[in-house]
Every structure is written in structure tokens, then in C-alpha cells.
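Student: Under our numbering, the sequence shown has 1085 at position 546, and the numbering climbs by one with no breaks.
For each residue, glycine too, the CB sits at the ideal point set by N, CA and C.
A quick note: this is a predicted structure, and the numbers were derived from the prediction, not measured.
One structure is given below, represented as C-alpha cells, and several questions about it will come after.
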Amino acid sequence: MSDLASIRSAAPVTAAGKTPLRPFDYANVRLLPGRFKDQVEQARRLYGGVPNDSILKGFRRQAGLPAPGDDMKGWASESSSGIFGQLISGMVRLGRATGDAALGEKAVALFEGFLETMPEDGNARMRAYDWDKLVCGLVDLYHYQGIEKALPVLRATTQWAARTFDRTRPPADDHDFWGMGPGLTSEWYTLSENLYRAYLATGESAFKEFAEVWLYPAFWDEFAKNDQPSYVHTVHAYSHVNTFSSAAAAYLVTGKERYRDICVNAYDFLQRTQVYATGGFGPDERFMRPDGSLGRSLECCAYHAEIPCGAWATFKLSRYLTSFTGEARFGDWVETTMLNALAGCLPPQADGKAFYYGDYRLSGGTKQYYWHEWPCCSGTYIQLMAEYHNLIYFKDSGGIYVNLYLPSEVEWSHAGLAVRLRQETAYPEEEESSITLALEGSARFALHLRVPSWANGAAILLNGAPLDTAARPGSWASVEREWTNGDRVTIALPMALRAVPIDLQHPNRAAIVYGPVVLAQDEACCRRPFTMSPQTALTKRLVKEGDRLSFRITNGVPERHTRYLLPLYTFPQNWPYFVYFDLHTGTLY
Ligand SMILES: [Zn+2]
């Protein structure tokens, strides 16, 4: 290991790209009891309990070392290389976010076990796809966990990859949908981001130079001028959204505004042409041409969106754009994805069973586990649980930004004064979120609250009294004043029913949404999907009952049972539902 242990001085580089808003460190944000904390805690316990010997077994076997413990199943039956870097990354970040030191130490133990299996030449025995995730994990070990010895390993394995990876780099197209090419380099266009992160963390140019090898101008350049590419190939969806995080990292490193513009235009293109009402995208893991294909996908396939991996790409692109532009609107996709795609996931299981595809079939869908254990989405899932903490709040020198409404706390220092913000809410089951500040003395700063694009009539109260604050949909509502201990700000976001059409070609093929929540029809007793005449208002046909988000369908004709729409996130495994409706089509019977 003498080669791996060579010591060089590493110093972080200041990003050249402008970042008017910055996220907080994972360690500064805590979730409070609620839906998302429950989800995080389940994942923390589950991933923390997977035996290290099982995770390392395949690597040890490949290295000819004793390999005790049980094999992992499914995608990880030969080795865990497809998710190994994600597990390390997720454990480091989630351990930091939840204060679970044992989870961070588990990541270090896995790294040390892996290192014993790695030859001196840095050969990680991984495809580019797996190795990209390993780089993420090693950068996180160094950056968040303070593990210095991750750096020489990162150097050695990058040198190995630079010597051996096939650089043919075919652009993906309709036939080769993830750029596999003859060199088996599938998803090569996602490599730059983590290599650029390695460069920013260390200042070592070798990482930057290797990142530049994997830039993807053949795909990105279509978005340099506007959000309307001349031709949309039906390429692999998750990785082609994730590649924009490589463009975002290129912006950070080079400061070239072209890369930022590519990300903004890509975001708008995706919202307009690819994304379902849940925030998920990519039927059968492909982009759809903007010719009505997305609407037709609801007729013919059950695999509408790769939920965890897709959400990972969504989260990063949206977070980069919020940071680069300071605009509120990029929080909308995060909120939609969290409350519908992710809150609606089945929890991962100890044997590697994982939720993968969202099912939005017009003929009725269900939630089920993926047929192989330990797929890509099982690796992304633990990273997502950590990333929740990285998306709720942003800051700048003038104050703090509340991007998401969920029970949580954040601590920071403003002009040398410690401030703690506590957010309490049952959103989206209620329309308000209450924010209380704790600080010794007083401080002047701005508190910015994201007003979702659907929220007309949002209102802000300070200590119970209405404020005359502009609260336009898709913008920040900002309150700047001298704050004192116990000050409380409440934001009210009035929710209403609306139909969200799937695409331009299918104006009446729609999901029913209430505020940020996608509603699905409980199909367990009556299999007649909701329809309505074009002249009828949604509120005439859907009546909210009680405090829950439960909407009774009023009968147009005699029905056997009372029918309800409920949040998609409430549906358990194998329970049938409708999430898209042909609203104006007559029923079969
Ligand atoms: Zn996946």
C-alpha cells in the first residue's frame, strides 16, 4: 500500500461558479417527529443493521481473501459494487444528519474492509457506473467524516480508472439508451460530478482533468440556448437527469454561465415534457418525446418512474439551481417528489427488497417491491434519507430561506450570534407551518419562505398578527426585521383541488392534486375510475371530509359503495389505486 499512502497536501478550492444561496451542513439540521423522520429512522436502523461481512463478501471473494458471512442476494449476489459507494456515502451523511456516530463508523469500517481487497494499483474491479458511486463515497468519507486516508485511495483508484476506462464515450440514443457502447461504459456521463467534487475538496488537478474527460456536450449543448431541444432521444431517464448534476459541477468549477444555463433550461424542459404530477419521470426508464408519448405511457406500461434514483437526480439538480440562482421555484419539484414519489415508497427490507417503480396506469396501479434484491434504488434510498436534511433550509449572508415545510430544526450563526429555528407543522395535512426563533439578544436578518407555485393567497403572520408581505406563487415571501427570542412566524398556504394534465396532447388525462399532494382513488371496492363532465367544477364532485385529506366522490349515477380519493402516500403495498384519470370519458358500466 506504499503507493496508496503517498502523502500530498490537499486544500479545498473555492468554487468559481456563483452560489448566492447555500445549503446547511447535515449536522446543523434535525428532523422532528413526523412522516419523514419516521422514514429516516426506519432506514437508519435497517442499513445500520446490514452485516459488514455481507457487504464486503463479494469483494473479499474476488480478492481471494477469507469471506465470512452471508451472501447478499439479487443485484449484489456477486458483490455489492453496484451500491457500495452509495452505502458509504449514505451512512456518512445520514450519520452526520442524525447524530448517529455508529453509522459513520460503519462506513469507515466498510472502507477499511474494502481497502484490504484492493490491489496497490487502485483497481477497484468496478465498471464506470459502480466506480462513480465509489468516488462519491470516498469524497464523502474525506469531506464529511474527516477520514484522511480516503484521499490516497481516491488518487490511486482515479489513476487506475484513467488508465483503464474505455474513452469511446458514445452518446446515448434511441438504440443505445445509456451510452453502453463497445466498452461497456454505461452512464459514463454521470462521472464528472463526483470527480469535480473531489477536485473542489482537494484542489488536485488530476481529478479535474479526469472529470473533463466525461463531459457530455452532445447532450448538454441542446439546452444551452433554450428549453426546447431539436430532437429528444428516448434515452435512459434517471442518468440523463443526473448528468445535469455533472453540468452543475462544471459550473461550480469553471464559473462558465453556459453550464448554469444548461441546467436551468433542462429543468424547464423536464417539467414541461417529462415529469408526472408525483415528481417522478421516465416510463420504462426512458425520456419521452414531447408528442403525447408521456400521456400514452399511462396506457401501456406499469414502470412509470424509477423513484429513488430519479429523486436523487431531482434533488441534486434542484438544489444546485436553488443555490446558483437564488430562485424559489426550483423547490417545487423537490416538494412534489418528497410528498408523493418518496413519501409513497414502500420501506426497504433487510433482505434487500426495495421500492423501485411508481405505477400510474390508467387501468389501476399498485405499489410493490422490485423483483431483484439490492437494486440501484436500494443504494440511492439511504442517500435520499440524508439528503432530506440538505434541502429544507438555505442561507446567505443576509438570512435564512425555508425551502420545505416539515417538522425540523436548524442552527446557524448570524453575525456571531447563535440562532435556532424550529419549524412545527402537520403540512400537508394542514395548511400552516409555524416557525419559532430562539436566540440570545436580538439580530437583524431576513427570513424567506418559499411560496409554492400552486399557492394562491398565501399569508404570513408575525406573532399572530398578519403581515403585509408579498407572497407571490413561485417566489420567496421575505420578512426582514430585528428578531428577538420567541418570535414566531406562521405561513398559511391555502390548498385547493386542481386537475394536472399529463401533457399538452391529453388535456383531460389528469391527476387530481390538492395543494402539493397527489390524490389517488381507492380502488379496492369499486373499480370505476373517477370521471366528470367538462362543465362540472372539481369541488362539486370531490368533497373533503373531516380533517384528513380524504375526498368523497359525489355520485353522478347510483354507486355500490362510497368512493374516495386519498393521498397516494397513504396506500400500502398491493392496494389498488387510480392516480391518473381520463376525466371526460364515459365509464364502461
Ligand atoms: Zn434505481
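Report, in whole angstroms, the separation of the C-beta atoms of Ile1041 and Gly834, which I expect to be a contact under 8 Å.
Tutor: For the purposes of this step, residue 1041 is taken as residue 502 along the sequence shown, with counting starting at 1. For the purposes of this step, residue 834 is taken as residue 295 along the sequence shown, with counting starting at 1. That pair is a contact at about 4 Å.
Student: Cβ of Cys840 within 7 Å of Cβ of Pro822?
Tutor: As a first step, residue 840 is located in the sequence shown; it is residue number 301 there, counting from the start. As a first step, residue 822 is located in the sequence shown; it is residue number 283 there, counting from the start. Yes; because the gap between Cβ atoms is below 7 Å, this pair is in contact.
Student: In its own chain, which residues sit with a C-beta less than 7 Å from the C-beta of Ile546, not counting the 5 before and 5 after it?
Tutor: Translated into the one-based positions of the sequence shown, residue 546 becomes position 7. Because the pLDDT of Ile546 is 48, which lies under 50, any placement of that residue in the model is unreliable, and the number read from its coordinates should be weighed accordingly. So no residue of the chain qualifies.
Student: State the start and end residues of the unbroken beta strand (DSSP E) segment that holds Asn1047.
Tutor: As a first step, residue 1047 is located in the sequence shown; it is residue number 508 there, counting from the start. Segment 1045-1053, the beta strand (DSSP E) holding Asn1047.
Student: Comparing alpha-carbon positions, which option in Leu923, Gln962, Thr656, Glu970 lies nearest Tyr940?
Tutor: Locating residue 940 in the sequence shown gives position 401, counting from the first residue. That would be Gln962, whose Cα lies nearest to the Cα of Tyr940.
Student: Looking at ligand 1, does it come within less than 6 Å of Glu824, judged from the CB to the closest heavy atom?
Tutor: Taking the first residue of the sequence shown as position 1, residue 824 is located at position 285. Checking every heavy atom of ligand 1 against the Cβ of Glu824, none is found closer than 6 Å.
Student: Can you list every residue whose CB sits closer than 7 Å to some heavy atom of ligand 1, going in chain order?
Tutor: The filter returns Tyr777, Glu845, Pro847, Cys848, Tyr895, Pro914, Cys915, Cys916, Thr919, in chain order.
Student: Taking C-alpha atoms, which residue in Thr975, Tyr1108, Ala1016 lies nearest to Leu885?
Tutor: For the purposes of this step, residue 885 is taken as residue 346 along the sequence shown, with counting starting at 1. When only C-alpha atoms are compared, the closest one is Tyr1108.
Student: What are the boundary residues of the beta strand (DSSP E) that includes Gln1074?
Tutor: Taking the first residue of the sequence shown as 1, we reach residue 1074 at position 535. Per DSSP, Gln1074 belongs to no beta strand (DSSP E) and is neither H nor E.
Student: With distance defined between alpha-carbon atoms, name the residue in Leu754, Ala711, Arg1037 nearest to Thr1075.
Tutor: If you number the sequence shown from 1, residue 1075 lands on position 536. Of the listed residues, the one whose Cα sits closest to Thr1075 is Arg1037.
Student: Quick one: what does DSSP say Pro829 is sitting in, helix, strand or coil?
Tutor: The count along the sequence shown starts at 1 and reaches residue 829 at position 290. Residue state, collapsed to three classes: coil.
Student: Are there 16 or more other CB atoms within 10 angstroms of the CB of Cys1064, so buried, or fewer, so exposed?
Tutor: Counting from 1 along the sequence shown, the entry for residue 1064 is found at position 525. Answer is exposed; the Cβ neighbour count stays below 16.
Student: Tell me whether Pro1106 is buried or exposed, calling it buried when 16 or more other Cβ atoms sit within 10 Å of its Cβ.
Tutor: Stepping through the sequence shown from its first residue, residue 1106 is reached at position 567. So Pro1106 counts as buried.
Student: Kindly confirm or deny that the stretch 620-631 and the stretch 914-922 touch, where touching means at least three C-beta pairs closer than 8 Å.
Tutor: Verdict: yes, contact present.
Student: Check Arg858 in the structure and name its three-state DSSP category.
Tutor: Numbered from its first residue, the sequence shown carries residue 858 at position 319. Correct three-state label for Arg858: helix.
Student: Taking contact to mean 3 or more Cβ pairs, one atom from each stretch, closer than 8 Å, check whether the stretch 930-947 and the stretch 568-579 are in contact.
Tutor: In short, these stretches touch, since the Cβ pair count reaches three.
Student: Does DSSP put Glu874 in a helix, in a strand, or in coil?
Tutor: Start at 1 with the first residue of the sequence shown, and residue 874 comes out as number 335. Glu874 falls in the helix class under three-state DSSP.
Student: Quick one: grab the DSSP three-state call for Leu1127.
Tutor: As a working mapping, residue 1127 is identified with position 588 in the sequence shown. Reduced to three states, the DSSP call for Leu1127 is coil.
Student: Counting only runs that start and end within the stretch 701-744, where is the beta strand (DSSP E) found for 3 or more residues in a row?
Tutor: If we require 3 residues or more, the stretch 701-744 turns out to have no beta strand (DSSP E) run fully inside it.
Student: In this structure, what does DSSP give as the bridge partners for Asp1061?
Tutor: As a first step, residue 1061 must be located in the sequence shown, where it is residue number 522. For Asp1061, which the question treats as bridged, DSSP gives the partners Tyr1116.
Student: Please name the residue in Ala648, Phe863, Val674, Gly883 whose C-alpha comes closest to that of Tyr735.
Tutor: In the sequence shown, residue 735 corresponds to position 196, counting from 1. When each option's Cα is compared against that of Tyr735, the closest is Val674.
Student: Would you check if the stretch 992-1004 and the stretch 930-938 touch, i.e. whether three or more CB-CB distances between them fall below 8 Å?
Tutor: No, because fewer than three Cβ pairs between the stretch 930-938 and the stretch 992-1004 fall closer than 8 Å, the two stretches do not touch.
Student: What is the rounded straight-line gap between the Cα of Gly818 and the Cα of Pro590?
Tutor: By one-based count along the sequence shown, residue 818 stands at place 279. By one-based count along the sequence shown, residue 590 stands at place 51. Cα-Cα distance, rounded: 34 Å.
Student: Using only alpha-carbon positions, find the residue among Ala689, Phe1117, Met924 that is nearest to Leu585.
Tutor: Here residue 585 refers to the residue found at position 46 of the sequence shown. The candidate whose alpha carbon is nearest that of Leu585 is Met924.
Student: What separation, rounded to the nearest whole angstrom, lies between the Cα atoms of Trp717 and Gly621?
Tutor: The count along the sequence shown starts at 1 and reaches residue 717 at position 178. The count along the sequence shown starts at 1 and reaches residue 621 at position 82. So the alpha carbons of these two residues sit roughly 16 Å apart.
Student: Go through its chain and collect everything with a Cβ distance to Thr876's Cβ below 6 Å, but skip five positions before and after it.
Tutor: Taking the first residue of the sequence shown as position 1, residue 876 is located at position 337. If we look at Thr876 and ignore the five residues flanking it on each side, its Cβ neighbours are Gly818, Ala850, Thr853.
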